[in-house]
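Undergrad: Submitted below is the structure of interest, expressed as structure tokens.
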Amino acid sequence: MSADLSARLLAEVTARREDLVALTRALIRIPTLNPPGALYRDICDLLDRRLLKSGFHTELIRAEGAVGDSDRHPRWNIVARREGSGPGQCVHFNSHIDVVEVGHGWTVDPFGGEVKDGRVYGRGACDMKGGLAASIVAAEAFIAVCPEYAGAIEISGTADEESGGFGGVAYLAEKGYFSPDRVQHVIIPEPLNKDRICLGHRGVWWAEIETLGEIAHGSMPFLGDCAVRHMGAVVAEMEKSLFPALAQKRTDMPVVPEGAKQSTLNINSIHGGEPEQDMDYTGLPSPCVPDRCRMVIDRRFLIEEDIREVEQEVRAVLERVRAGRAGFDYTIKAIHSVEPTMTERDAPVVGAVAGAVETVFGREAQYVVSPGTYDQKHIDRIGRLKNCIAYGPGILDLAHKPDEYVGIDDMVESAQVMALALHGLLRA
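Following this line, the structure appears as structure tokens:
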């Protein structure tokens, strides 16, 4: 790319700074909370109006029958495509439109889109409505400077990434929207820092463990069998044997932060005994020995590990408890799994973004892997498309936190990187 063209692209993005901020604020002000999956159609309609004005052909697609889809909370997605002046490859920017619960501790309106100290605040600001806005502005700036580009540009806003992506990217991949015949390069603007290219993510295995007991009157616990105590023995055995073993497993994947370079296990939830009552219930619990206790575990594993070994490690813990504990019985079922994935550093989309990062920041890009999964898993597993990365503005550590924000300069510079990458991949 000539220095003149590069300068024009950078300047065009810079000139759209206020528009980028306004779009980000408008997206934040639609509280697309997941769960339950609120206002997906509203945000898709906003994106539809915007992208139609920029010459894109748009489709609004409901993921009917997908996990989470209902008439009350339909899983709407938008896919927009703009053809160039001639044949060529397609670059697709994919962003999720859902955000997690607000939580406590905010000092600003979580859906106000407040601008302060060079930042835009709000739930989803960095994860990932700032990235979505940056990809749109990058594409529009590129089209303005290079109207005769070859190939096609696609932009999608998809549902439910925060709860697995099955009503969003997974559904679209099953329908062929991420087929390598249709799309050749995918950039997901997740917040991994503006000079980092995320090549993939660790694997995940979720399971539910249930310990079994026998109900009895709480004044005579010796006539029953407490399932909660049995679960306590499971946790104790995990602390004794499993957690230390996981800490010894290390990966060559460039996972960030440092603590995620090892295998990890999170005890997501434990519930035993009688069901939780509604908030307005004012009575006392009944005196019963709990005959059931359930625990959900979230095991993150490395590309060097086999998912069958991951499962067997947990089963071995349960069998050790069984061998040493009278009356112990359990069930276990897998409820979710994703294999690790990592795009090769010599993939075309990696090279294009890396070159753009060097142009904008004057230094080489860093290559990282995400500790948690994101929608690359579906593009890889269902779409069979390997040429996929995450790159976008924002700081990963701010995701899901109170007072979440995205830096305005970070958005502008990331949009410049995306615009330069488009030129590198779609030269006429």
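Taking our numbering, I'd label the letters of the sequence shown as residues 1267 to 1694.
All C-beta atoms in this analysis are idealised placements derived from N, C-alpha and C, irrespective of residue type, glycine included.
#1: For residue 1535, I'd like the list of residues in its chain whose CB is within less than 6 Å of its CB, leaving aside the five on either flank, ordered along the chain.
#2: Label residue 1491 either buried or exposed according to how many other C-beta atoms from any shown protein chain fall within 10 Å of its C-beta, with 16 as the threshold for buried.
#3: Measure from the alpha carbon of residue 1406 to the alpha carbon of each residue in 1613, 1276 and 1631, then state which is nearest.
#4: Measuring CB atoms only, is the segment 1562-1572 touching the segment 1523-1534, in the sense that at least three cross pairs come out at less than 8 Å?
#5: How many whole angstroms separate the CB atoms of residue 1645 and residue 1435, which I take to be in contact at a CB cut-off of 8 Å?
#6: In chain order, what residues of the same chain lie with their CB nearer than 8 Å to the CB of residue 1264, ignoring the 5 residues before and after it?
#7: Counting C-beta neighbours from all protein chains within 10 Å, is the total for residue 1511 16 or more, i.e. buried, or is it exposed?
#8: Taking the alpha carbon of residue 1614 as the reference point, which residue from 1449, 1369, 1414 and 1333 has its own alpha carbon closest?
#9: Using three-state DSSP, classify residue 1355 as helix, strand or coil.
#10: Anyone know if the C-beta pair for residue 1362 and residue 1424 falls short of 8 Å?
#11: At what residue ranges does the segment 1581-1635 contain a whole run of the alpha helix (DSSP H), taking only runs of 4 or more?
#12: Count the other CB atoms, across all protein chains shown, that sit within 10 Å of the CB of residue 1359; report buried if there are 16 or more and exposed otherwise.
#13: On a Cα-Cα basis, can you pick out the residue from 1452, 1397 and 1430 that is closest to residue 1420?
#14: So, under 8 Å CB-CB, residue 1631 and residue 1456 are touching, yes? Tell me the CB distance rounded to an integer number of Å.
#15: Which residues mark the beginning and the end of the beta strand (DSSP E) in which residue 1416 is found?
#16: Okay, do the segment 1464-1482 and the segment 1598-1612 touch, 3+ Cβ pairs below 8 Å being the bar?
#17: Report the option in 1569, 1498, 1680 and 1485 whose CA atom is closest to the CA atom of residue 1588.
#18: Does the pairing of the segment 1682-1689 with the segment 1371-1390 give three or more beta-carbon distances under 8 Å?
#19: Taking only the alpha-carbon atoms, compute the straight-line gap between residue 1621 and residue 1690 and give it to the nearest angstrom.
#20: Using CA atoms only, rank isn't needed, just tell me which of 1506, 1575, 1461 and 1477 is closest to residue 1634.
#21: Are three or more beta carbon pairs between the segment 1313-1332 and the segment 1373-1386 nearer than 8 Å?
#22: Counting only runs of 4+ residues fully inside the segment 1430-1508, write out the alpha helix (DSSP H) ranges in chain order.
#23: Skipping 5 residues on each side, what residues in its chain have a beta carbon closer than 8 Å to that of residue 1583?
#24: In this structure, does DSSP put residue 1514 in helix, strand or coil?
#25: Just to confirm the assignment, what range does the alpha helix (DSSP H) spanning residue 1363 have?
#26: Would residue 1488 be called buried (16 or more neighbouring beta carbons within 10 Å of its own) or exposed?
#27: Does DSSP put residue 1528 in a helix, a strand or coil?
#28: Is it buried or exposed, residue 1677, if we count other Cβ atoms within 10 angstroms and call 16 or more buried?
#29: Can at least three beta-carbon pairs, one atom from the segment 1280-1299 and one from the segment 1343-1353, be found at a separation below 8 Å?
#30: In terms of residues, what are the limits of the alpha helix (DSSP H) holding residue 1408?
#31: Using a Cβ-Cβ cutoff of less than 7 Å, which residues in the same chain neighbour residue 1314 once the five nearest sequence positions on both sides are dropped?
#32: Check the C-beta distance from residue 1515 over to residue 1571 and give it rounded, since I have them as a contact under 8 Å.
TA: Quick answer:
#1: Locating residue 1535 in the sequence shown gives position 269, where the first residue counts as 1. Closer than 6 Å at the Cβ level, and outside the excluded window around residue 1535, lie 1562.
#2: Locating residue 1491 in the sequence shown gives position 225, counting from the first residue. With 16 or more Cβ atoms within 10 Å of its Cβ, residue 1491 is classed as buried.
#3: Looking up residue 1406 in the sequence shown gives position 140. If we check each option's Cα against that of residue 1406, 1276 comes out closest.
#4: At 8 Å Cβ cutoff, the stretches touch.
#5: Mapped onto the sequence shown, residue 1645 falls at position 379. Mapped onto the sequence shown, residue 1435 falls at position 169. Approximately 6 Å separates the beta-carbon atoms of residue 1645 and residue 1435; this is inside 8 Å, confirming the contact.
#6: One cannot answer for residue 1264 here, as it falls past the ends of the chain, which runs 1267 to 1694.
#7: Along the sequence shown, read from residue 1 onward, the residue named residue 1511 stands at position 245. With fewer than 16 other CB atoms across the displayed protein chains lying within 10 angstroms of its CB, residue 1511 is exposed.
#8: The residue you call residue 1614 lines up with position 348 of the sequence shown. Of 1449, 1369, 1414 and 1333, the residue nearest in Cα terms is 1449.
#9: Locating residue 1355 in the sequence shown gives position 89, counting from the first residue. It is a strand residue.
#10: For this step, residue 1362 is matched to residue 96 along the sequence shown. For this step, residue 1424 is matched to residue 158 along the sequence shown. Cβ distance < 8 Å, so residue 1362 and residue 1424 count as in contact.
#11: DSSP runs (the alpha helix (DSSP H)) wholly in the segment 1581-1635: 1614-1627.
#12: Counting from one through the sequence shown, the residue named residue 1359 turns up at place 93. So residue 1359 ends up on the buried side.
#13: To locate residue 1420, count along the sequence shown from 1; it is residue 154. Considering only alpha carbons, the answer is 1452.
#14: One-based indexing of the sequence shown puts residue 1631 at position 365. One-based indexing of the sequence shown puts residue 1456 at position 190. Contact between residue 1631 and residue 1456 fails: their C-beta atoms lie close to 15 Å from each other, not under 8 Å.
#15: For the purposes of this step, residue 1416 is taken as the residue at position 150 of the sequence shown. Residues 1416-1424.
#16: The segment 1464-1482 vs the segment 1598-1612: in contact.
#17: By 1-based counting over the sequence shown, the position of residue 1588 is 322. The residue with the shortest Cα to Cα distance from residue 1588 is 1498.
#18: Contact fails: fewer than three Cβ-Cβ distances are below 8 Å.
#19: On the sequence shown, residue 1621 is found 355 positions in, with the first residue counted as 1. On the sequence shown, residue 1690 is found 424 positions in, with the first residue counted as 1. Taking the straight line from one Cα to the other gives about 9 Å.
#20: Taking the first residue of the sequence shown as position 1, residue 1634 is located at position 368. If we check each option's Cα against that of residue 1634, 1461 comes out closest.
#21: Counting C-beta pairs closer than 8 Å gives fewer than three between the segment 1313-1332 and the segment 1373-1386, which falls short of the contact rule.
#22: With a minimum length of 4 residues, the continuous alpha helix (DSSP H) runs that stay inside the segment 1430-1508 are 1435-1440 and 1493-1503.
#23: Working through the sequence shown from its first residue, we reach residue 1583 at position 317. Hits under 8 Å: 1500, 1503, 1504, 1507 and 1508.
#24: The count along the sequence shown starts at 1 and reaches residue 1514 at position 248. Residue state for residue 1514 is assigned as coil, using DSSP reduced to three classes.
#25: Stepping through the sequence shown from its first residue, residue 1363 is reached at position 97. Here residue 1363 belongs to no alpha helix (DSSP H), and DSSP marks it neither H nor E.
#26: Within the sequence shown, the letter at position 222 stands for residue 1488. With fewer than 16 Cβ atoms within 10 Å of its Cβ, residue 1488 is classed as exposed.
#27: Here the question's residue 1528 lines up with position 262 in the sequence shown. Look at residue 1528 here: in three-state DSSP terms it is strand.
#28: Here the question's residue 1677 lines up with position 411 in the sequence shown. Answer is buried; the Cβ neighbour count reaches 16.
#29: At 8 Å Cβ cutoff, the stretches do not touch.
#30: Start at 1 with the first residue of the sequence shown, and residue 1408 comes out as number 142. Residues 1396-1411.
#31: By one-based count along the sequence shown, residue 1314 stands at place 48. Hits under 7 Å: 1324, 1326 and 1344.
#32: Walking along the sequence shown from the start, residue 1515 turns up at place 249. Walking along the sequence shown from the start, residue 1571 turns up at place 305. With a beta-carbon spacing of about 7 Å, residue 1515 and residue 1571 fall inside the 8 Å limit used to define contacts.
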